[in-house]
Structure formats: structure tokens, C-alpha cells
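Below: the structure, in C-alpha cells.
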Amino acid sequence: MWAGRVCIFYALLKAGLAGSPSNPIVSDLESGAEDFGFSRWIEELQSGPEKDAAERRKLVSKWHPTTKGTLRRNYRVPSKFEGRRLLKSIASLLSDDDHFRDATSHKGCQIRRENAHGESVCCNNVRALFDELPTPHLIVEISPFPAGPLSDNDYAKAEKLERVLRSGPSV
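Here full-length UniProt numbering is used: the first residue of the sequence shown is 1, the next is one more, and so on.
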């Protein structure tokens, strides 16, 4: 309990809301002298697992569960060329990464032509469709396997796919 009070008082001292300038501790802090290690301790607390979890949530914030039970992301791309590049990057990720690889037989993920203006990759429970019409866009869906609710593994896949999507320019 007293440690919490000390930390709160220290934060108030650093903010200048407590103490007086004539106090040697406060005057030393203002001049940039040794702060007894409190600031490093507070920084370590702030960069803990909560901060990592918050960053991960930001990465998958645009992924939405659908009524079919999949995790879906729509992504607009600036050009046909950029969309194809992203689709190739996704196919490469699905072929190489252990989160996506099927242990039985794996030949890599192939890009297939859907229709006159669309291409797709379906591999390891991930479907990525690049469509040029009406505007160039990419739709990525992750299906849970075995069938059931979305798991942490599905969100880990979404994080990796989101990093690939963010590697290129977006509209």
C-alpha cells in the first residue's frame, strides 16, 4: 500500500503538482539529476504485456468476425499492380509461415483466376481475393479449423496477414 502511495507521490512530483522548488529532491529532478531509478521502473511497467496486447489489438482492429464464423478484412488498394503484389505477398506468407502450413503435404499456395477481373489464393484456411472492380480491393477471410469458434491461432494469423497488408500503400 505504501509503495503505491510513493509511486503516486513521485508521479505528482515529476508533474510539478506536489512539492516546492526549494525541496532538494524536486530541484534535483528538475535539473535532470539522478531520479533513484523510479523513471526506469515506471517505463518498464508501461512497456509490459498490457502494452504489447494493446498493440496487437490495434493490428487486428479492422478484422471482423462474420456470421459464417470467419474472420474477415476488406482492404482497398491504390492500383491493380499493388493489389497483385499484395496477393503475391500473402501467397508467399501462406506458403512459408508455420502458423499457416499444413504438416501433411504442402506444395505452396497458388494464385488462381476467379473471373475476368479477380484473382484469389485459398490456402490453409485463408482465402484472399483481389478484385479490380468497382475499385481495386482485397478481401481476406480466415476460417477456423477445426470448425468452431475463432481461436487465438486465428487472430495470430490475422496479425501476420495485417503486417503484410500494411507493408504497402493503402487508400
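Cβ atoms here follow ideal geometry from the backbone N, Cα and C, with glycine treated the same way.
Item to complete: Using DSSP bridges, identify the partner residues of Asp131.
Response: Gly118 and His137
Item to complete: Say yes only if the C-beta of Leu71 is nearer than 6 Å to one or more non-hydrogen atoms of the ligand GDP, and no if none qualify.
Response: In the structure on display, the ligand GDP does not appear, and there are no ligands present to speak of.
Discussion item. Using 8 Å as the cut-off, can you tell me whether the region 126-135 makes contact with the region 81-93, which would need three or more C-beta pairs spanning the two stretches below that distance?
Written reply: yes
Discussion item. Classify Ala158: buried if its beta carbon has 16 or more other beta carbons within 10 angstroms, exposed otherwise.
Written reply: buried
Item to complete: Sort out for me which residues DSSP pairs Tyr75 with in a bridge.
Response: Leu138
Discussion item. Once DSSP output is grouped into helix, strand and coil, what is the label at Arg113?
Written reply: strand
Worksheet item: How about His64: is its C-beta nearer than 7 Å to some C-beta of chain D?
Response: Any reference to chain D falls outside this structure, which holds one protein chain only.
Item to complete: Identify which residue in Phe145, Leu12, Ile111 and Pro134 has its Cα closest to the Cα of Leu71.
Response: Phe145
Worksheet item: Apart from the five residues on each side of it in sequence, which residues of its chain come closer than 7 Å, Cβ to Cβ, to Lys62?
Response: Arg73
Item to complete: Return the CA-CA distance between Cys123 and Leu12, expressed in angstroms with no decimal places.
Response: 54 Å
Worksheet item: Is DSSP giving Val126 helix, strand or coil here?
Response: strand
Discussion item. Residues in the same chain with beta-carbon distance under 6 Å from Ala91, minus the five sequence neighbours each way, listed in chain order, please.
Written reply: Cys109, Ile111 and Val121
Fill in: Euclidean distance between Cα positions of Leu138 and Thr67
20 Å
Item to complete: Hey, could you find the ends of the alpha helix (DSSP H) Ser163 is sitting in?
Response: Note on residue identity: the sequence assigns Arg, not Ser, to residue 163. Note, Arg163: alpha helix (DSSP H), Asp152 to Leu165.
Fill in: Residues bridged to Pro65 [DSSP beta-bridge criterion]
Leu71
Fill in: Start-to-end residues for the alpha helix (DSSP H) that takes in Ser89
Lys80 to Asp96
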